[in-house]
Structure formats: structure tokens, C-alpha cells
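Residue numbers (the working numbering): 948 to 1369. Below: the structure, in C-alpha cells.
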Amino acid sequence: MLDPKFIRENIDLVKETIKKRNLKLDLNALIKTDNSRRRLLVELEELRARRNKANDEISALLKEKKDPKPKISSMKAISEKIGALEIKLKEFDTELEKLVLTIPNIPHSSIPVGDAGCNKIVRSWGELPKFDFKPATHIEISQHLDIIDLPRATKITGSNFILFKGWGAKLERALFNFMLDLHTKKHGYTEIFPPFLVNRASMTGTGQLPKLEEDMYRLKDDDLFLIPTAEVPVTNMHRDEVLDEDSLPVYYTAYTACFRREAGSYGKDTKGLTRVHQFDKVEMVKFVKPETSYNELEKLVADAEDVLQLLGLPYRVNMLASQDLSFAASKCYDLEAYAAGVDKWLEVSSCSNFEAFQARRANIKFRRKNTKKLDFVHTLNGSGIALARTVIALLENYQQKDGSVVIPQVLRPYLDGKERIS
RNA sequence: GGUGGGGUGGCUGAGCGGUUGAAAGCGGCAGUCUUGAAAACUGUUGUGGGGAUUUUCCCCACCCUGGGUUCGAAUCCCAGCCCCACCGCCA
């Protein structure tokens, strides 16, 4: 969320943001509520000041053994008025909060303005694989190699779930182990293994709630949610905390399964592994000082790119335009890996700078040493990287004419030194 | 799941319905002393919000959360959440 005070003082900038994001949002209600609330607050606080003063006087009268009764009865009416105004204030607060939560983050000045067509490919890496045969899709390959069993996953649970088997299961495990090792040993992240279930406060802290409740799996009896990404538990580690300036930047990486209902996306990417309800992902999360956050974003993207480069998967880096940018982000790069069988660029990572948007909501601060003032940290996160889609790219790009699949060099130590799955 | 105990500032820990935003200690910061350090001593030290004559001043709120009683609540009542201990169940 944005700071209501910031909105008040930068109303033109917020209007411009809404325009850039192509949203239909009326700010008048917000401005009006904010003004009414403050007018009421002044009135209420004056009354409370009077009450406090009177209470001191009553207290003094009692000490002098004088009769406080007249004073007390004169205060009764004021107290009732205060009670009434407090109820009204609460209504304004609730309303204002509701309205403020509908305001998205301000896009960074460096990103293109426009819809997804304006997204900008800032760089590409690797060469597209060439075949002297028609490359098969990951569905065909995994069936042939007996490493993924979708019909049985459907039987056990339902459609759009995956069951990895044999070398498929080992490949999955090899991938996230490789990624965690890379981020912890080479890129300096601290490994976290968080709970996969989180409470409502955590979901609200990172912004999944209240907006996206429909997209989440929820355990009704306990009011807990299956995490849609490790971003939720890991970012919420520091919810309502004040971090040491010296401890920043904080880098965390975590493997988790991710659960998404994908409500409303039926009919889109329903075949194969592209869009599933449960997938594995290694996530990177950063807590940084505001003045460093854009530099940190570039480093975050580089860390995610390193995974793809070491796996030898061609990819491109897509800087999202204002209308394609998620609600809480100021700037975001998507990494898209090429998959030869389906001949598509698949989004395997999304690296975002949220500036103080999440930190304000989750109340994550740090104290500056020189001024001793509290300030919100900037939070960033990025996939490093999402697995099911990476498996698609691996299978399709490394397939051979004989139907086998070559294993990239970096994964072999995790797979008993095996060179190919056949 | 059952029983008992408990949630107060950065930490430990007092707190009678009425100058208690909160004792005391520790820690932090500044100063005195010292060649320097330690010790000792002195002072200082929470957060959020609002107002104005906006580098300063004034006010309000906050003692787990939400209600209630009262002229007045950290203190009394109710509900919830969380923590600790023991018992039960359990990988």
C-alpha cells in the first residue's frame, strides 16, 4: 500500500499512475474521505484534550478532599460525544483503508508506458536449439521416457497436477538442489525452509489478500492458506520487525512447493505442465535499503539468469510495461526460457522491486544509524527459478533423435553422474 | 485435545481505577573524569497520527487484539489470539 499522506501530497502522481496502468479508479472518494476523516479527527482530539484536562482536575479535587461531583456530571455529555465521534472515525478509517488498498504502486520512471505490447526485451542469451527432426513436446517426451504420469496425478488429485516418476522425480529434485546450492554458495543467499501454510496476516502482509483470495487454497477450519509462492512466508519472516541497518541487505532463498487454484484461468495452457496447481520453485527474497533497491534488482535478475545460463537454456529478459506490471511492483523483469517442442517462450521467473509497498503493509523497517530515524526497507523478490516450466524447456531443448534427453553438465552431479535419460 | 500460569518500552521487570507514556535495573547515546580505555558520576533515550504562526511549538492515541463498565482503564468485566509448563495423542 501507499502512504495515505503520500497520496494526499502527490495526488497528481497517483492520477498519472492510474492512467499509466490503464485502470479505472476514481480518487475523489478517497480524497473526500481523507478530508472528512481529518476534519473529524481534529474535532475529536479537541474533545479528548478537554476530557483529559477535566480528569486531571477531578483528580486534584479528590486529593484536596473537595467534591468532584459537579465536574463529573458536566463531563458525562462530552464523554458521550467522544464515544459517538470515535465510532464515526472508525468508519472513516475502515473506508479510507479500503480505498487506499485499491491504489497500486507507482511504476518506476524507467519502464515503458503501455500494454503488454510495449514490454521491452532488454537482452537475450543463448542460441535456439536446431534439430534435424521435428522436436517433440514435453508431453510426448515424458510419456515416452515414463518420467511424468499425468493421468495418475489426475486420478489421485485432479486435473493439472503433476506426478514425477523415476528419473523425472530425480530430475526435479536435482534442479532445486542445484539452484539452492548456486544461490547459497555463489550468490550469497541464506537458505530458508519455511512452512507451506501461512495465516491470514501473512497473506495480507505481502498483498495476496484481500484481492486474490479466490486464487488461493484455503483451509477453512484453521483459516490457513497454502502458499502460492515462498515470497509469502519468507517476506513475512520480518513482518512487524525493525532490522539493523548493518544487517542489510538481507538475502534469502527458499525452495517450496507453490499452490495456486488458478481460478478463472480454465482453458488457458491446460495441456501439460505449463499451468498447474502445484509446482516447485526456488525463490529469492531481498530486504534492502531504499537507495540501493534498483541496483539490487539488477543483481537479482542476474542471479536468476545465472541459473538459466548454467542449464544452457536460451532465454530473454522482458521488462514489463506499466499495464503488465503487477499491482504491488514498481518495476519487474520476466525471464522467458525458450522451449523447442511447443515453440514458445515460457515465463520461468519474475523479478520485482516493490520498493516500500510491501514493507509498509507488512511493517518492516530499519533504523538509520546516522539520523537514528526509522525507515521502511525496500523488498524485492524473484523466482530463481520456477521448476515445472524449466523441466519443459530442458526436455524439449535437450531431446535427441533417438528419444532420449541429454542432462546438462551442471545437473549430473545431482543425478549419479548420469548423462542422459533414455 | 485437557489442566494450570502468563502476555507492560530494545531487554529484564514493578504497577493502588485518578500528574503512570508508564518505577527500577540492564542496554544505547552524549558529557565529566582519564594519555587512552574501564570504572564512577551527570544528563538523555519508544512509536504512530493530527494541527499550527511548520528547522520550533501544541495536541491525540498506543501497556497482545477486539468489545464493555466508568467522568476517568495498563489496572475491573467479556471474547479472541499468542506464549510457557505438565498430561493425553502422534511422525
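C-beta: ideal position from N, C-alpha, C; glycine also. None of the values given here were measured: they were computed from a predicted structure.
Handout entry: DSSP state of N1183 mapped onto helix, strand, coil
Key = Indexing the first sequence from 1 puts residue 1183 at position 236. Here N1183 sits in helix by DSSP.
Practice task
Check whether the Cβ atoms of V1352 and I1368 sit closer than 8 angstroms, and answer yes or no.
Solution key: As a first step, residue 1352 must be located in the first sequence, where it is residue number 405. As a first step, residue 1368 must be located in the first sequence, where it is residue number 421. Against a cut-off of 8 angstroms, the Cβ pair of I1368 and V1352 comes out as a contact.
Practice task
Out of F1301, Q1347, S1273 and Y1262, point me to the one whose CA is closest to T1337's CA.
Solution key: Residue mapping note: residue 1337 aligns to position 390 of the first sequence, counting from 1. Of the candidates F1301, Q1347, S1273 and Y1262, the one whose C-alpha sits nearest the C-alpha of T1337 is Y1262.
Practice task
Use the C-beta contact count for I1034: other C-beta atoms within 10 angstroms, 16 or more gives buried, fewer gives exposed.
Solution key: Looking up residue 1034 in the first sequence gives position 87. Classification for I1034: exposed.
Practice task
Rank G1288, T1200, F1206 and T1153 by C-alpha distance to the C-alpha of A1275 and give the top, closest one.
Solution key: Position 328 of the first sequence holds residue 1275. For the residues G1288, T1200, F1206 and T1153, the minimum Cα distance to A1275 belongs to T1153.
Practice task
With a 10 Å radius around its C-beta and 16 neighbouring C-beta atoms as the bar for buried, classify E1178 as buried or exposed.
Solution key: Within the first sequence, the letter at position 231 stands for residue 1178. By the neighbour-count rule (16 or more Cβ atoms within 10 Å), E1178 is buried.
Practice task
Spatial neighbours of R968 within its chain, please: CB distance less than 8 angstroms, with the 5 preceding and 5 following residues excluded, ordered by chain position.
Solution key: In the first sequence, the residue the question calls residue 968 occupies position 21. So the qualifying residues of the chain are P1051, P1054, S1269, Q1270 and L1272.
Practice task
Please look up how many angstroms separate the CB atoms of D981 and P951, rounded, as I've assumed it's under 8 angstroms.
Solution key: Here residue 981 is taken as the residue at index 34 of the first sequence, counted from 1. Here residue 951 is taken as the residue at index 4 of the first sequence, counted from 1. Confirmed, Cβ separation roughly 6 angstroms.
Exercise for the section: Report the rounded CA-to-CA distance for T1203 versus P1142, giving the unit in angstroms. Expected result: Here residue 1203 refers to the residue found at position 256 of the first sequence. Here residue 1142 refers to the residue found at position 195 of the first sequence. About 9 angstroms.
Handout entry: Under the three-state DSSP convention, the category G1064 falls into
Key = Within the first sequence, the letter at position 117 stands for residue 1064. Of the three classes helix, strand and coil, the one that applies to G1064 here is helix, per DSSP.
Exercise for the section: State the CB to CB distance for the pair H1325 and A1309, rounded to an integer number of angstroms; the pair is presumed to be in contact (CB under 8 angstroms). Expected result: Walking along the first sequence from the start, residue 1325 turns up at place 378. Walking along the first sequence from the start, residue 1309 turns up at place 362. That pair is no contact at about 12 angstroms.
Problem - Coil, strand or helix - L1046 by DSSP - result: Residue 1046 sits at position 99 when you count from the first residue of the first sequence. Of the three classes helix, strand and coil, the one that applies to L1046 here is helix, per DSSP.
Handout entry: Residues of its chain near P1237, where Cβ-Cβ distance is below 8 angstroms and the 5 sequence neighbours each way are ignored
Key = Here residue 1237 refers to the residue found at position 290 when the first sequence is read from its first residue. Within the same chain, P1237 has close Cβ partners E1302, A1303, D1322, F1323, V1324 and H1325.
Exercise for the section: Report back the beta-carbon spacing between A1287 and E1343 to the nearest angstrom; my notes put them in contact at under 8 angstroms. Expected result: On the first sequence, position 340 is the one that residue 1287 refers to. On the first sequence, position 396 is the one that residue 1343 refers to. Right, the Cβ-Cβ distance comes to about 5 angstroms (below 8 angstroms), so this counts as a contact.
Problem - At least three beta-carbon pairs within less than 8 angstroms, the stretch 1310-1320 to the stretch 1102-1111 - result: no
Handout entry: Where L1009 falls: helix, strand or coil (DSSP)
Key = Numbered from its first residue, the first sequence carries residue 1009 at position 62. Helix.
Problem - Alpha carbon of L1129 to alpha carbon of S1277, nearest angstrom - result: Locating residue 1129 in the first sequence gives position 182, where the first residue counts as 1. Locating residue 1277 in the first sequence gives position 330, where the first residue counts as 1. Rounded to the nearest angstrom, the two C-alpha atoms are 27 angstroms apart.
Exercise for the section: Entirely within the stretch 1225-1258 and at least 3 residues each: give me those beta strand (DSSP E) ranges in chain order. Expected result: 1225-1235
Problem - Minimum length 4: unbroken alpha helix (DSSP H) runs contained in the stretch 970-1020 - result: 975-1010
Practice task
Using alpha carbons as the reference points, say which of D1187, K1233, G1331 and C1065 lies closest to L1258.
Solution key: The residue given as residue 1258 occupies position 311 in the first sequence. Among D1187, K1233, G1331 and C1065, the Cα nearest to that of L1258 belongs to G1331.
Problem - At least 3 beta-carbon pairs within less than 8 angstroms: the stretch 1156-1166 vs the stretch 1095-1104 - result: no
Handout entry: With 16 other Cβ atoms within 10 Å as the buried cut-off, status of T1182
Key = Counting from one through the first sequence, the residue named residue 1182 turns up at place 235. Burial call: buried.
Exercise for the section: Tell whether a beta-carbon distance below 8 angstroms holds between F1226 and L1334. Expected result: Against the first sequence, residue 1226 aligns to sequence position 279. Against the first sequence, residue 1334 aligns to sequence position 387. In this structure, L1334 lies closer than 8 angstroms to F1226 by Cβ.
Handout entry: Per-residue DSSP class, three states only, for S1330
Key = Working through the first sequence from its first residue, we reach residue 1330 at position 383. Reduced to three states, the DSSP call for S1330 is strand.
Problem - Own chain partners of L988 with C-beta closer than 8 angstroms, once the 5 adjacent residues on each side are dropped - result: As a position in the first sequence, residue 988 is number 41, starting the count at 1. Excluding sequence neighbours, L988 sits near L1036.
Exercise for the section: Sort D1014, Y1361, D1363 and S1089 by Cα distance to G1219 and report the nearest one. Expected result: Locating residue 1219 in the first sequence gives position 272, counting from the first residue. Closest option to G1219, Cα to Cα, is S1089.
Practice task
For A1340, count neighbouring C-beta atoms within 10 Å of its own C-beta (all shown protein chains included) and say buried if the count is 16 or more, exposed if not.
Solution key: Counting from one through the first sequence, the residue named residue 1340 turns up at place 393. So A1340 ends up on the buried side.
Problem - Classification of F1080 by the beta-carbon crowding that lies within 10 angstroms, buried from 16 upward - result: Mapped onto the first sequence, residue 1080 falls at position 133. Result: exposed.
Exercise for the section: Please work out which residues of its chain come closer than 8 angstroms, Cβ to Cβ, to L1362, disregarding the five sequence neighbours upstream and downstream, and give them in chain order. Expected result: As a working note, residue 1362 is residue 415 in the first sequence. For L1362, where only same-chain residues beyond five positions count, the Cβ hits under 8 angstroms are W1114, K1117, L1118, A1121 and I1354.
Practice task
Answer yes or no: do V1145 and P1180 have a C-beta to C-beta separation smaller than 8 angstroms?
Solution key: Within the first sequence, the letter at position 198 stands for residue 1145. Within the first sequence, the letter at position 233 stands for residue 1180. Their beta carbons are under 8 angstroms apart, which means V1145 touches P1180 by this criterion.
Practice task
Would you kindly check if the distance between the Cβ of T1131 and the Cβ of T1176 is under 8 angstroms?
Solution key: Locating residue 1176 in the first sequence gives position 229, counting from the first residue. Locating residue 1131 in the first sequence gives position 184, counting from the first residue. Taking 8 angstroms as the Cβ cut-off, T1176 and T1131 do not qualify as a contacting pair.
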